[in-house]
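Participant: As numbered in the numbering used here, the first sequence has no gaps in its residue numbers, which increase by one up to the final residue, 591. Yeah, the Cβ is synthetic: ideal placement off N, Cα and C, and Gly gets one too. Just so we're clear, the structure is a prediction, and the values are computed from it rather than from any experiment. Questions regarding the structure given below will be posed in turn.
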Amino acid sequence: MGIIFSVRKKGREAIMLDIRWMREHREELAEAMAKLNAVDAPWERALDLDEERRTLLTEVEALRMERNTGSKEIGRLFQAGETEEANVLKARMGEVRDVISVLEERLNEVEAEYENAMLRIPNPPEPDVPVAPDEGGNVVIKEWGEKPSFDFTPEPHWDLGERLDVIDFERGVKISGSRFYLLKGAGARLQRALSAWFLDVHTAQHGYTEIYPPFLVRERCMVGTGNLPKFGDVLYRDAEEDYWLIPTAEVPLTNIHRDEILEADALPVKYVASTPCFRREKVAAGRDARGIKRVHQFQKVEMVKFVEPSTGREELESLTQDAEELCEQLGLPYRRVAIATGDLSFVAAIKYDIEVWAAGCGEWLEVSSCSLFRDFQARRANIRYRPEEGGKTEYVYTLNGSGLALPRIIIAILENNQQADGSVVIPEVLRPYMGGAEKING
RNA sequence: GGAGGGAUGGCCGAGUGGACGAAGGCGGUUGUCUUGAAAACAACUGUGGCGCAAGUCACCGGGGGUUCGAAUCCCUCUCCCUCCGCCA
């Protein structure tokens with residue numbers, strides 16, 4: 150494909166925000182952290198450590214210069230046969246080395262602390278993100294479709310799914326414990342149909358390239374997308390090796406280009422994948438316990454984009470529309486919610502949630518989160534591009550959005566499309582994927 | 001899982017302790033020549049940190065060690081290749 154221009158061989162680990170920007174915009178940074186309600190973000194500590202780090206670096210480098218020139222001199226002296234002088238210099242350089250190693254040790258400590266602090270500073274929000282301390286400040290900015298009305302009481306999917314024998318809760322729990330389920334027959338096929346149709350729409354109409362990525366990734370990938378170090382408690386991982394189960398395809402998809410330099414004319418790069426997602430979901434036992442709304446394993450189609458910085462916002466808009474279009478074609482009423490600063494995820498600079506109405510449980514279900522990360526992930530994962538031939542490299546902007554999260558869409562279809570006779574009408578766009586069936590009957 | 005062999009710049013490939021940030025080739029950019037192109041010839045051609053700059057430091061898969069000095073010696077980890085075993 151020729152996207153890779155070169156690969157970084159060595160370099161520091163993730164570097165998060167631009168430290169120079171931070172040094173020069175202290176007040177803006179403080180303001181951003183306040184807006185995010187990020188009281189524990191160690192940005193001041195990071196700045197202090199940065200100061201210390203640079204002081205040490207200057208000292209160490211001056212000494213290293215002394216050592217380098219001294220060593221060369223020793224070599225020359227030996228060759229010239231001036232052994233005595235060489236030995237004198239050698240002894241002195243030995244002392245210099247000892248001083249260097251003490252300073253280097255300190256420098257390493259400072260750098261480690263510095264990086265740790267940097268990795269825990271969230272992404273500052275875009276200027277137009279609604280400012281509020283929590284999700285109470287989220288704003289519905291768009292609504293589409295009409296909630297279905299019934300001349301009977303619509304069933305929630307946990308009843309309906311069981312009655313139609315398309316969701317088996319008991320067996321799921323028997324096999325794997327609470328918050329596990331299994332889809333059966335038309336239920337399983339409906340999920341397969343949705344997954345296939347989503348992928349087909351995104352690849353054929355929206356220009357995404359389909360990917361089948363690994364579901365187990367290394368720690369380094371999780372750091373790249375911002376899931377680590379702060380959110381390790383929602384991730385599953387292998388006990389013996391450095392393997393983490395993905396909580397979303399965003400992780401492997403974004404890391405496809407980790408440590409790479411993309412060609413400017415290759416942008417935007419757009420990927421889509423359907424993968425299982427694994428999450429600990431450490432919410433209070435009992436909350437969202439019924440049904441398949443909040444589970445430890447679910448299927449999701451995810452879109453990820455790598456774009457030129459100047460196009461970030463328009464790419465977010467088109468990404469969000471790529472997701473919304475699916476809801477429309479499925480005939481599911483939805484709304485777009487602008488997430489407030491206090492509810493913004495650690496990595497997102499701006500985020501829209503798409504929520505679908507589910508008539509049975511009477512709730513708006515989040516089926517997609519569309520985020521612009523600016524260069525936040527790109528810095529962590531070291532993903533760059535070269536704007537001009539031969540010019541300096543810059544970080545790309547990354548975005549991602551679900552398109553869409555599956556079990557919740559299944560919930561909405563089952564609940565909204567249920568009929569008086571107990572059957573469920575299959576949305577027209579899915580019928581070719583369901584062997585032409587129009588309904589799910591018990 | 002067992003036994004061997006590897007990892008050097010965009011690519012290929014030299015280098016086994018001292019002027020090596022690294023020969024040579026390919027590729028790329030620019031120039032000369034040419035009506036134009038090709039060929040030939042010449043020059044340039046890695047990344048990052050700190051610094052206003054001059055400059056300086058780091059980087060030969062990662063980490064650690066030996067040494068006045070490490071691409072080069074030692075330890076360790078990772079990845080790749082070959083053969084055997086196992087397997088979808």
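1. Answer yes or no: do Gly509 and His355 have a C-beta to C-beta separation smaller than 7 Å?
2. In terms of DSSP beta bridges, what is Ser595 paired with?
3. Nearer than 6 Å: is that true of the beta carbon of Leu309 relative to any heavy atom of the ligand MN?
4. Count the other CB atoms within 10 Å of the CB of Arg225; is the residue buried (16 or more) or exposed (fewer)?
5. With C-beta atoms as the reference, is Arg428 less than 7 Å away from Pro396?
6. Since Leu402 and Tyr420 are thought to touch, with beta carbons under 8 Å apart, how far apart are those beta carbons, to the nearest angstrom?
7. Grab me the residues of Ala211's own chain with a C-beta within less than 6 Å of its C-beta, minus the 5 sequence neighbours each way, in chain order.
8. Just verifying my parser: in three-state terms, what is the DSSP assignment at Gly584?
9. So, helix, strand or coil for Gln568, using DSSP?
10. Output the residue ranges of the beta strand (DSSP E) runs that lie fully inside the segment 403-427 and measure 3 residues or longer, sorted by chain position.
11. Please name the residue, chosen from Leu555, Asn566, Pro482 and Gly334, that lies closest to Ile441 on a Cα-to-Cα basis.
12. Using DSSP bridges, identify the partner residues of Thr358.
13. Hey, could you find the ends of the beta strand (DSSP E) Val278 is sitting in?
14. Going by the DSSP bridge assignment, what does Phe447 pair with across the sheet?
15. Do Val574 and Asn566 have their CB atoms nearer than 7 Å?
16. Between the segment 542-558 and the segment 515-522, can you find at least three pairs of beta-carbon atoms closer than 8 Å?
17. Output the residue ranges of the alpha helix (DSSP H) runs that lie fully inside the segment 214-284 and measure 4 residues or longer, sorted by chain position.
18. Is the separation between the beta-carbon of Arg523 and that of Tyr501 shorter than 7 Å?
19. Need the endpoints of the beta strand (DSSP E) that Lys291 sits in, please.
20. Which same chain residues, not among the five before or five after Ile290, have their C-beta less than 6 Å away from its C-beta?
21. Determine, using beta carbons only, whether Tyr544 and Arg533 come nearer to each other than 7 Å.
22. Using the Cβ count rule (16 or more neighbours within 10 Å means buried), how would you classify Asp391?
23. Would the beta-carbon of Tyr330 fall within 7 Å of that of Gly336?
24. Glu254: which of Arg202, Gly230 and Leu493 sits nearest, CA to CA?
25. If you draw a straight line from the alpha carbon of Lys159 to that of Leu348, how long is it in whole angstroms?
26. Contact defined as beta carbons within less than 8 Å: I believe Asp492 pairs with Asn287. What is the distance between those atoms, to the nearest angstrom?
27. Enumerate in chain order the residues of its own chain whose CB-to-CB distance from Lys323 is below 7 Å, with the five nearest sequence positions on each side excluded.
28. Measure from the alpha carbon of Gly375 to the alpha carbon of each residue in Glu244, Glu173, Gly585 and Phe495, then state which is nearest.
Facilitator: Let me lay it out:
1. Their beta carbons are not under 7 Å apart, which means Gly509 does not touch His355 by this criterion.
2. Lying outside 150 to 591, the shown extent of the chain, residue 595 is not represented and no answer is given.
3. Among the ligands in the structure shown, none appear at all, so the ligand MN cannot be discussed.
4. When all chains shown are included, Arg225 counts as exposed.
5. Yes, these two residues count as a Cβ contact at 7 Å.
6. So it is a contact: roughly 5 Å between Cβ atoms.
7. Within the same chain, Ala211 has no close Cβ partners at all.
8. The answer is coil: DSSP assigns Gly584 none of H, G, I, E or B.
9. Taken through DSSP and simplified to helix, strand or coil, Gln568 comes out as coil.
10. Restricting attention to beta strand (DSSP E) runs no shorter than 3 residues, the segment 403-427 encloses them at 409-412 and 418-427, ordered along the chain.
11. Nearest option by C-alpha distance: Leu555.
12. DSSP, once it has assigned bridges, lists Tyr420 as partnering Thr358.
13. Counting along the chain, Val278 falls outside any beta strand (DSSP E), and DSSP gives it neither H nor E.
14. The partner list for Phe447 (beta bridge, DSSP) reads Cys426.
15. Between Val574 and Asn566, the C-beta gap is smaller than 7 Å, which places the two residues in contact.
16. Output reads yes: the segment 542-558 touches the segment 515-522.
17. Within the segment 214-284, the complete alpha helix (DSSP H) segments at least 4 residues long are 232-267, listed from N- to C-terminus.
18. Against a cut-off of 7 Å, the Cβ pair of Tyr501 and Arg523 comes out as no contact.
19. Counting along the chain, the beta strand (DSSP E) containing Lys291 begins and ends at Val288 to Trp293.
20. By the criterion of a C-beta distance shorter than 6 Å, Ile290 is surrounded in its chain by Arg485 and Ala487, once the five residues flanking it on both sides are discounted.
21. Yes, the Cβ-Cβ distance between Tyr544 and Arg533 is below 7 Å.
22. So Asp391 counts as exposed.
23. Pairing Tyr330 with Gly336 gives a Cβ-Cβ distance that is not under 7 Å.
24. For Glu254, the closest C-alpha among the options Arg202, Gly230 and Leu493 is that of Arg202.
25. The predicted model places Lys159 with a pLDDT of 31, which falls under 50 and marks its position as unreliable, so this point remains unresolved.
26. The pair is a contact, with the Cβ atoms about 6 Å apart (cut-off 8 Å).
27. Excluding sequence neighbours, Lys323 sits near nothing in its chain.
28. Considering only Glu244, Glu173, Gly585 and Phe495, the residue with the shortest C-alpha distance to Gly375 is Phe495.
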